[in-house]
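Numbering (our numbering), first residue to last: -4 to 221. Note that CB positions come from ideal geometry on N, CA and C, so glycine has one too. The structure under discussion appears below in the form of structure tokens.
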Ligand SMILES: C[S@@+](CC[C@H](N)C(=O)[O-])C[C@H]1O[C@@H](n2cnc3c(N)ncnc32)[C@H](O)[C@@H]1O
């Protein structure tokens, strides 16, 4: 199990600090705030507006604390959007850690969060009438997709910590995993990453980031004309 400590961020929500990677899972300026802006607003809300009524297939790089999965599950219920969510994680956090996270404010959300964490790995599990999750235990590098996704939440540790996850071959892998018109969002707006994304074929949009971060990236896989 991953060795992590729990930290409080400035919006009052927890994050984790990895003692293996010497890095936090979220911005110290606010974990929930960051996830809402980078993944829910720039990802799910944008895609749903462009594709009303579509069943959405999401892939998350780094399931980690389960925060993005919880926010997505809530989004699916609030907006009556069916969603299949696949989250890959090489170093799952232990039960005592996820049980201590403050991401739920009522019994319903606590029950969803506990279901997301305690459901089986490597199989699709129904969490609610709108939301299925498949947690994949393993490394992104060896993940083989059996379907295409609409949205990728690219939430790896930053390039300074795990450069191998931001190189062109990995961006190519993400591009290949998306449907045409699909999108990838990430908090990282480094020049090298933008260049790699463009090189493999993505169209890039720079969007205003959460507090403390000037910009974030939405990368769009163009619809090809057949
Ligand atoms: C920045 S954290 C984000 C986690 C999560 N999205 C969250 O909100 O808590 C990055 C995550 O990627 C995981 N990870 C690191 N290397 C990985 C790899 N090669 N393949 C899959 N997951 C990896 C880490 O264990 C960690 O959970």
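Cβ-based burial, residue i [other Cβ within 10 Å; buried from 16]
i	result
residue 60	buried
residue 206	exposed
residue 193	exposed
residue 216	buried
residue 127	buried
residue 89	exposed
Cα-Cα separation, residue i to residue j
i	j	result
residue 135	residue 149	11 Å
residue 130	residue -2	20 Å
residue 64	residue 120	13 Å
residue 178	residue 11	26 Å
7 Å CB neighbourhood of residue i in its chain, flanking five on each side removed
i	result
residue 85	133, 134
residue 210	184, 201, 202, 203, 204
residue 112	61, 93
residue 97	8, 9
Beta-carbon spacing of residue i, residue j below 9 Å
i	j	result
residue 57	residue 152	yes
residue 162	residue 115	no
residue 181	residue 188	yes
6 Å Cβ shell around residue i - same chain, five flanking residues per side excluded
i	result
residue 195	166, 167, 170
residue 81	54, 129
residue 18	152, 156
Other residues of its chain near residue i: CB distance less than 8 Å, five sequence neighbours each side excluded
i	result
residue 157	16, 151
Counterpart residues of residue i in DSSP-defined beta bridges
i	result
residue 202	211
residue 149	56, 181
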